[in-house]
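The block underneath contains the structure these notes are about, expressed in structure tokens.
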Amino acid sequence: MPVADQPPPLPPLREVIAAHGLSASKALGQNFLFDEQLLARIAAIPGDLDNKAVLEIGPGPGGLTRALLRAGARVTAIERDSRCIPALADLQAAFPGQLRVVEGDALAVDHADLMGEPFAVVANLPYNVGTLLFTRWLSGEDWPPRWTSLTLMFQQEVAQRVVAAPDTSAYGRLAVLAQWRSRARLAMKVHRSAFTPPPKVMSAIVHVEPAEAPSGVRSATLERLTEAAFGQRRKMLRQSLKGVPGALAALEVCNIDTTRRAETLAVSDFVALARVLDG
Ligand code: SAM
3 MPVADQPPPL PPLREVIAAH GLSASKALGQ NFLFDEQLLA RIAAIPGDLD
53 NKAVLEIGPG PGGLTRALLR AGARVTAIER DSRCIPALAD LQAAFPGQLR
103 VVEGDALAVD HADLMGEPFA VVANLPYNVG TLLFTRWLSG EDWPPRWTSL
153 TLMFQQEVAQ RVVAAPDTSA YGRLAVLAQW RSRARLAMKV HRSAFTPPPK
203 VMSAIVHVEP AEAPSGVRSA TLERLTEAAF GQRRKMLRQS LKGVPGALAA
253 LEVCNIDTTR RAETLAVSDF VALARVLDG
């Protein structure tokens with residue numbers, strides 16, 4: 003494995019794009035990053051990656067991939083666009099044994115099965131599938147998950163919803179899902195001009211690490227509660243939770259005023275309600 007301070011020389015990413023004819027596809031959410039200093043800073047967010055297993059979704063021409071490889075990571079990269087595979091093969095040759103490329107749709111792959119060991123996820127996600135992948139990684143009854151951290155580029159507005167606090171307009175299902183048994187923080191803002199082509203909106207990177215799951219609470223129950231509560235977020239809880247069996251009684255048990263609205267409840271309030279329902 004190459005040591006981090008002696009990376010093999012690689013052509014600039016713009017040359018890779020030109021050599022492989024990788025014109026950005028809008029349908030595949032392709033906005034590429036070329037600034038290698040920025041890419042190195044992103045790869046540093048999860049901490050020491052030397053010899054760690056990393057799953058990257060959407061490597062494209064391999065900008066973030068090369069930064070992860072230089073950090074010593076053993077990278078598995080899932081890419082849907084077959085045009086990118088030859089560019090990634092060049093990286094495989096430059097970092098022997100460190101990069102596995104899987105051509106396909108990341109939504110159709112079981113990531114834990116594919117990796118077969120604990121892994122960090124680092125990705126400049128295609129925006130059209132980003133939130134879906136994120137909610138999948140955070141859902142399910144098995145906790146802790148097989149991933150050790152998620153370091154993900156989102157549209158800034160989505161990133162703000164992940165880390166939002168109660169009583170803000172950004173607070174909702176995504177915040178509760180990301181915070182009830184994980185620690186989520188905004189790690190870096192990325193200006194739209196850093197991308198080629200630049201997207202319409204600003205981006206931001208969120209870093210999430212699993213925490214201890216509160217006892218006696220099922221993820222499915224919490225999801226049902228937040229779906230109902232935030233599905234009608236302007237309504238009082240006694241109205242929005244009417245359709246969830248046992249929820250109104252649970253509000254009484256938890257001493258939560260039924261005239262409050264979902265966005266005023268702390269994440270711990272949702273956990274307490276779910277615990278009563280799972281009784
Ligand atoms: N990682 C590169 C970078 O930072 O410059 C490219 C990021 S670009 C925003 C998103 C990448 O995800 C593209 O290469 C695109 O082809 C790929 N992609 C889109 N949908 C995908 C899917 N469902 N599964 C795997 N890769 C996908």
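When we follow the numbering used here, the leftmost residue of the sequence shown carries the number 3, and every step to the right adds one.
For each residue, glycine too, the CB sits at the ideal point set by N, CA and C.
Whole angstroms is fine: what's the gap from V131's alpha carbon to T170's? 25 Å
Can you grab the Cα-Cα spacing for the pair V5 / A95, in whole Å? With a pLDDT of 49 at V5, under the threshold of 50, the predicted position of this residue should be treated as unreliable, though the coordinate-derived value follows. Going from the Cα of V5 to the Cα of A95 covers about 15 Å.
Can you list the beta strand (DSSP E) stretches of 3 or more residues lying completely in the stretch 122-208, in chain order? 149-157 and 184-192
On the three-pair Cβ rule with 8 Å, is the stretch 38-50 touching the stretch 107-117? no
Quickly, what does DSSP pair R76 with across the bridge? List them, please. A55
Under a three-way DSSP split, which group does R235 fall into? coil
Check whether the Cβ of A108 sits closer than 8 Å to any heavy atom of ligand 1, and report yes or no. yes
Starting from the Cα of L30, find the closest Cα among G62, P13, L101 and K191 and give me that residue. G62
For N53 and L243, I'd like the C-alpha separation in whole angstroms. 48 Å
In or out: A252 buried (at least 16 other Cβ within 10 Å) or exposed? buried
State the DSSP-derived secondary structure class of V210, mapped to helix, strand or coil. strand
When you compare only the Cα positions, how much space is there between S27 and L109? 18 Å
Taking just the CA atoms, how far does N126 sit from A206? 10 Å
Please specify which runs of the alpha helix (DSSP H), each continuous and at least 4 residues long, are wholly inside the stretch 211-280, giving them in chain order. 221-233, 239-242, 249-255 and 269-280
Can you look up G99 in the DSSP assignment and give me helix, strand or coil? coil
What residue from A20, F34 and P147 has the CA that sits closest to P199's CA? F34
By DSSP's criteria, V104 is part of a beta bridge. Which residues make up the other side? I80
For G65 and E17, I'd like the C-alpha separation in whole angstroms. 12 Å
Verify whether the separation of the beta carbon atoms of P120 and R102 is less than 9 Å. no
Given 8 Å as the limit, tell me if M155 has its C-beta closer than that to any heavy atom belonging to ligand 1. yes
Unbroken alpha helix (DSSP H) run spanning E119, endpoints: E119 -> no alpha helix (DSSP H), and no H or E assigned at all.
Assigned secondary structure, L24 (DSSP; H/G/I helix, E/B strand, else coil): coil
Rounded to whole angstroms, what is the Cα-Cα separation between A21 and L12? 13 Å
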